[in-house]
Amino acid sequence: MKAGIVTVLALAASASAQVRRGERHHRHVHPKRDQAVETHVEYVTATAPHAVVYVDGNGKPISTAYDGSPAPAATPYKAPAPAPEKEESSSAPAPAPYSAPAPAPYSAPAPAPKPETTSSAPAEQPKPASSSAPAAPSYSSGSGSGDSGSGRGITYSPYVAGGGCKSQDQVKSDIEKISGYDLIRLYGVDCEQVTNVLAAAKPKGIKLFVGIFDVTNAGKEAQTLIDAVNGDWSSIDTVSVGNEWVNGGKGSADQVVSAINSVRGQLKSAGYSGNVVTVDTFVAMIANPSLCEASDYAAANCHAFFDGGKTAQEAGSFVKDQAERVKQACGGKRTVITESGWPWQGETNGAAVPSRENQQAALSGLKENFDKDIILYTAFDDMWKSDFAGSFNCEKYWGFLQ
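Residues -17 to -1, 1 to 385 (mature numbering (1 follows the signal peptide of the UniProt record, and there is no 0)) are what the sequence shown spells out, left to right.
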């Protein structure tokens, strides 16, 4: 019995030392609750936590993390940033990182999970696009001011360094610095971001790619979006349901597909007839073609930096190759790269070196390879984020506008 009690105490100490991980693009707040518990233990069965090993582009282990629940069978990509404990925190509850068996070899360069990499690409699974999904047009400049017309988009998050919401004036000031892009991608509906960004972007002729972040709460968040646009959908290009939900281990492809269909019906009833998609990593999209089949186009995140074997000068061609692989896996469906960029500060990842010069080289290569159907990551540094094992201390420093 004394040995059993010692074992329980050791396991409890180990569990309390584990680091919580946060979702990199959104935040939820869960208040802390203090409880006093008296426990009498006679017999103990201990279950060891699940180990997650991060590897670089050559398959060499770089770090190990532990999680108490078994990982879902999906292909790894990027474990999001950790969430601060404070009420003002701006990142979401931690998705459980996971690893999957090595996928079948592919002739193209090895894919770049974000942040963990794999030494071989998952086998492609071509599948015809759903006949119910209408053809989605590429981004076009529309009738706005000269600020738009590039055919490309840019991501934006409306949070201050401490994790709180930016004010309407702060958002307006940020959007005024954005020019040369047809689209601004948002990740959620909190902080009145849809209302505030719409007010600043619409006069510039810039449309929005808006996000319903929490798949399990999709109906409520969709209603928040409906209320924000107030019947005027003219500036909404796309609504996404989830961001890296499958790759992050938060749920299954079937769960996401169900949420897409439900939200599409809800938005249609509110007068919206535009694109509805889900966004996931290019690795997860290739491994789960049902995600793009349920979407009006294939929407995939891809960052060459996390491959570890690509220089900044090779970023554009690398991402182009992965976009083509997604298109093939999705039966030839239109494919949009919904995140791609390069950090300007942090640690080196093999051949990938963070610097302002390399950031500009990577962005130039991306623009050379994509005259449309790409959303560059990201407008401004996200100082509200935190680094995690495998982020190379770069998580805050992807902004390229000054």
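Quick reminder that beta carbons are idealized off the backbone N, C-alpha and C, glycines included.
Distance from the CA atom of Ala183 to the CA atom of Ser162, rounded to whole angstroms, is 12 Å. Ser223 and Gly194 do touch by the CB rule: their CB atoms are close to 5 Å apart, below 8 Å. Restricted to the segment 200 to 256, the beta strand (DSSP E) segments that are unbroken, complete and at least 3 residues in length are 219 to 226, listed in chain order.
In this structure, DSSP gives Arg317 a state outside helix and strand, which the three-state scheme calls coil.
It is roughly 36 Å from the alpha-carbon of Gly147 to the alpha-carbon of Phe301. Secondary structure at Val309: helix, using DSSP grouped into helix, strand and coil. Shown here, Arg135 sits in coil according to DSSP, grouped into three states, outside any helix or strand. Contact annotation: Thr318 and Lys310 have beta-carbon atoms nearer than 7 Å. Taken through DSSP and simplified to helix, strand or coil, Cys377 comes out as coil. Around the beta carbon of Arg308, a 10 Å sphere encloses 16 or more other beta carbons of the protein chains shown; the residue is thus reported as buried.
Note that the segment 331 to 348 does not touch the segment 149 to 156; fewer than 3 beta-carbon pairs, one per stretch, sit closer than 8 Å. Contact between Asp220 and Leu181 is ruled out by a C-beta separation of about 12 Å, above the 8 Å threshold. Burial is judged here by how many other beta carbons sit within 10 angstroms of a residue's own beta carbon; Ala144 has fewer than 16 and is exposed. Judged by DSSP in its simplified three-state form, Leu181 adopts helix. Distance from the CA of Asp165 to the CA of Ser133, rounded to the nearest whole angstrom, comes to 6 Å. When the alpha-carbon of Cys313 is set against those of Asn352, Gln328 and Ala281, the nearest one is in Ala281.
The DSSP-derived three-state label of Phe192 is strand. In the three-state reduction of the DSSP assignment, Asp356 falls in the coil class, being assigned neither a helical nor a strand state. Between Gly136 and the set Cys377, Val177, Phe363 and Asp356, the nearest pair of CA atoms involves Asp356.
Exclusion of the five residues before and after Val336 leaves Thr294 and Ala295 as the residues of its chain whose Cβ lies within less than 8 Å of its Cβ. Around the beta carbon of Ser256, fewer than 16 other beta carbons sit within 10 angstroms, so the residue counts as exposed. In this structure Asp157 is buried. Its beta-carbon is surrounded by 16 or more other beta-carbon atoms within 10 angstroms. Pairing Ile167 with Ala334, the inter-Cα distance amounts to about 30 Å. Rounded to the nearest whole angstrom, the C-alpha separation of Val172 and Asn213 is 14 Å. For Val259, the uninterrupted beta strand (DSSP E) run begins and ends at Asn258 to Thr264, by DSSP.
Within the same chain, Pro337 and Tyr380 come within 6 Å of Gln328 by CB-CB distance, once the 5 residues on both sides are set aside. Of the candidates Glu351, Ser323 and Ala287, Ala287 places its Cα closest to the Cα of Thr331. Scanning its chain for C-beta atoms nearer than 6 Å, with the 5 sequence neighbours on each side dropped, one finds around Phe375 the residues Gly329, Glu330 and Asn332, in chain order. Cα atoms of Thr138 and Asp365: separation of roughly 11 Å, rounded to the nearest angstrom. Here DSSP, grouped into helix, strand and coil, assigns Ser140 to coil. In the DSSP assignment, Ile158 falls within the unbroken alpha helix (DSSP H) covering Gln151 to Glu159.
Under the DSSP assignment, Leu166 falls in the beta strand (DSSP E) whose first and last residues are Leu166 to Arg168. Straight-line spacing of the CA atoms in Ala253 and Cys174 works out to 22 Å.
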